[in-house]
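**Q** Numbering (UniProt numbering), first residue to last: 1 to 469.
Provided herewith is a single structure, encoded as C-alpha cells, for subsequent inquiry.
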C-alpha cells in the first residue's frame, strides 16, 4: 500500500494522492533526481499479475511517450518495481507531466452545462490533440470527460492512452471484449469492430453533447443497454439555446456510420474552427469523395446525400453487424422491412430501394437530390405533386360546370312556373301597366255600379271590355 512520503523506485517521493481509478492511483510526487514535480500513476498491485492489464499499462507508456503535443500530457518515465522495498508485491508505475487543473468530468459534475464558447474551444483543442495520435496511426479508444484535463487558463490536456492501439497492432483485449466507456463508445466499437480515428471523433462529439445538454445522450444504468442505444438510437435534440451551427456540428458528428463522420481529430478540429468563425460547416472528406465519384447513367432523383445524423452509410449499406438506427419511438414493420431490404444491396450501386434513415434532428447542410429511397421519393414527389394539381383543376372545372348547369336548370324552372301562372285563368278585364298608377290598376276610370239598372250596367261593362254571359 502506497503512503505519503514513500520513495518509489528510489526516485519519486510521493506527496498527495490526486485520484483513484479502477486500474490504480495517481499521486503528486517529486522527482528527487531532477527536482521537479510530476504525476505518478501506479497500477494496483492485484492487477500487476494480470498480463492483460500489465500489457495495457505498458502500452500507455509507450504510446504516450511517442507523442509530442502540447495537448497531451507528456510521459517522463516508466518502471516496474516493488511497491514496498523488499516487499512481496510488485507494481508498475508511469511518471507523467503534472497538469495543474481538473478533469472535465469534475467540471460537469459541478456545473452540469458549460458555456457554448468554452465547449467549442475545448472541442477544437481536444481534436487537435487527438490528431497528434491519429497522424501516428494511433487511436485513443477511450475519449471521455475523465480523460480530458482543463487547466486554469483553459488549456486542454488529453490523458490516459491506456487502451490506445495502433491500427496495425494486435488486439490488446481478449476476443469479443469491448474496450472503452459505454457512455462514450462509438457504434462500431460497441459492435466489436476495429476502432478508427473516426471512432475517437464520435466519442469527442458525445463529450461535447454532454457539455451542451447537461447530461449524456443515452441514459441507462446498464452498460450494454447504453452501448446498444449508441448503435440503434438517435440522440435527443440539443436545447433550443444552442446555436444552429454548433447543433449542426454535433449532429453531423454523431452519425452511426464512421465513413460519414469527420475522418480524424484534425478534420473535426477544422470543422469546429469553421463554426466558431461563422463559416459554413465543412462536409466530411469521405462524403466529399463520394460526391465527386462518377456515377454511371444516373437516373432521376439520384445524387449524394449530405451528413444526416443516423443516416445509412454511403452506398446504402451499414458495416457488418451494424443495425440501422431507429428514430424515437418504434418503427412500423413496413419500415423495418425496407431497412432490411436496403441492407442487402451492394455498396456503391445506385439503388432506388435503399432506405435512408432521416433523423428528427435536421441535417447540418442543405439536402440535395439524393440516391436511394430519399432521392427516388424526392423525384416521385415532384411528379405526384404535378399530377395532383392537374387532378385538382379537373375537379374544380367539373364542379363549376355542374354548378352552372344547376343554376340554368333552376332558372329555367322558375321562369316556366312564372309563365304558367301568367297564362292561367284571370279577370276578363284587360290590365295594363300605367307609369303613373302602377301595376294592377285599370286604364279606365272606374264607375259606380251599385243601384244602376241591369241594362245600364251591361252597357257600362261593355265600355270597359267586360262581357257578361
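Quick reminder that beta carbons are idealized off the backbone N, C-alpha and C, glycines included.
What number of angstroms, rounded off, separates the C-alpha of residue 294 from the C-alpha of residue 270?
**A** Approximately 27 Å between the Cα atoms of the pair.
**Q** What ranges does the alpha helix (DSSP H) occupy inside the stretch 35–114, keeping only unbroken runs of at least 4 residues that lie completely in it?
**A** Segments of the alpha helix (DSSP H) lying fully in the stretch 35–114: 51–65 and 104–111.
**Q** In this structure, how does DSSP classify residue 186 when only helix, strand and coil are distinguished?
**A** In this structure, residue 186 counts as coil in the three-state DSSP scheme.
**Q** Beta carbon of residue 98, beta carbon of residue 38: below 8 Å?
**A** In contact: residue 98 and residue 38 (Cβ atoms closer than 8 Å).
**Q** For residue 219, count neighbouring Cβ atoms within 10 angstroms of its own Cβ and tell me buried if that reaches 16, exposed if not.
**A** So residue 219 counts as exposed.
**Q** The beta strand (DSSP E) with residue 26 in it runs from where to where?
**A** It spans 24–31 - the beta strand (DSSP E) in which residue 26 sits, taken as one unbroken run.
**Q** Is residue 16 helix, strand or coil when you go by DSSP?
**A** If DSSP states are grouped into helix, strand and coil, residue 16 belongs with the strands.
**Q** Quick check for students: name the residue ranges of the alpha helix (DSSP H) that lie wholly in the stretch 252–292, counting only runs of 4 or more.
**A** For the stretch 252–292, whole alpha helix (DSSP H) runs of length 4 or above, ordered along the chain, are 265–276 and 285–292.
**Q** Indicate whether the contact test is met: 3 or more Cβ pairs, each with one atom in the stretch 260–269 and one in the stretch 282–290, closer than 8 Å.
**A** The stretch 260–269, when compared against the stretch 282–290, does touch it at the 8 Å Cβ threshold.
**Q** Just how far apart, CA to CA, sit residue 47 and residue 241?
**A** Distance between the alpha carbons of residue 47 and residue 241: 46 Å.
**Q** Tell me, to the nearest whole angstrom, how far the beta carbon of residue 188 is from that of residue 203; I am working on the premise that it is less than 8 Å.
**A** Not a contact, Cβ separation roughly 11 Å.
**Q** If I follow the unbroken beta strand (DSSP E) through residue 143, where does it start and stop?
**A** Note, residue 143: premise wrong, no beta strand (DSSP E); not H, not E.
**Q** Is it buried or exposed, residue 214, if we count other Cβ atoms within 10 angstroms and call 16 or more buried?
**A** Its Cβ having fewer than 16 others within 10 Å, residue 214 is exposed.
**Q** Looking at the structure shown, is residue 2 part of a helix, part of a strand, or coil, going by DSSP?
**A** Residue state, collapsed to three classes: coil.
**Q** To which residues of the same chain is residue 226 closer than 7 Å at the C-beta, ignoring the five residues directly before and after it?
**A** Excluding sequence neighbours, residue 226 sits near 182, 183, 218 and 220.
**Q** Might you give, ordered along the chain, the residues of its own chain that have their beta carbon closer than 7 Å to the beta carbon of residue 11, omitting 5 neighbours on each side?
**A** Excluding positions up to five away in sequence, the list reads 31, 32 and 33.
**Q** Can you check DSSP and say which residues form a bridge with residue 148?
**A** BP columns for residue 148 point to 158.
**Q** Buried or exposed: which applies to residue 117, given that a residue is buried once 16 or more other Cβ atoms fall within 10 Å of its Cβ?
**A** With fewer than 16 other Cβ atoms within 10 Å, it is exposed.
**Q** Nearest-angstrom Cα distance between residue 401 and residue 395?
**A** Going from the Cα of residue 401 to the Cα of residue 395 covers about 10 Å.
**Q** Give the C-beta separation of residue 148 and residue 104 to the nearest angstrom, bearing in mind that I take them to be a contact with Cβ-Cβ under 8 Å.
**A** Rounded, the Cβ-Cβ distance is 4 Å, consistent with contact.
**Q** Roughly how many angstroms lie between the CA atoms of residue 268 and residue 211, to the nearest whole one?
**A** For residue 268 and residue 211, the distance between alpha carbons rounds to 17 Å.
**Q** Could you give the distance in angstroms between the alpha-carbon of residue 120 and the alpha-carbon of residue 50?
**A** Approximately 40 Å, taken between the alpha carbons.
**Q** What does a CB cutoff of less than 8 Å around residue 404 pick up in its chain, not counting 5 residues either side in sequence?
**A** Excluding positions up to five away in sequence, the list is empty.
**Q** So residue 75 and residue 61 are in contact, right, with Cβ under 8 Å, and what is the actual spacing, rounded?
**A** Right, the Cβ-Cβ distance comes to about 6 Å (below 8 Å), so this counts as a contact.
**Q** Is residue 139 helix, strand or coil by DSSP?
**A** Strand, per DSSP.
**Q** Measuring alpha carbon to alpha carbon, tell me which of 194, 122, 100 and 157 ends up nearest residue 137.
**A** Measuring from the Cα of residue 137, the nearest candidate turns out to be 194.
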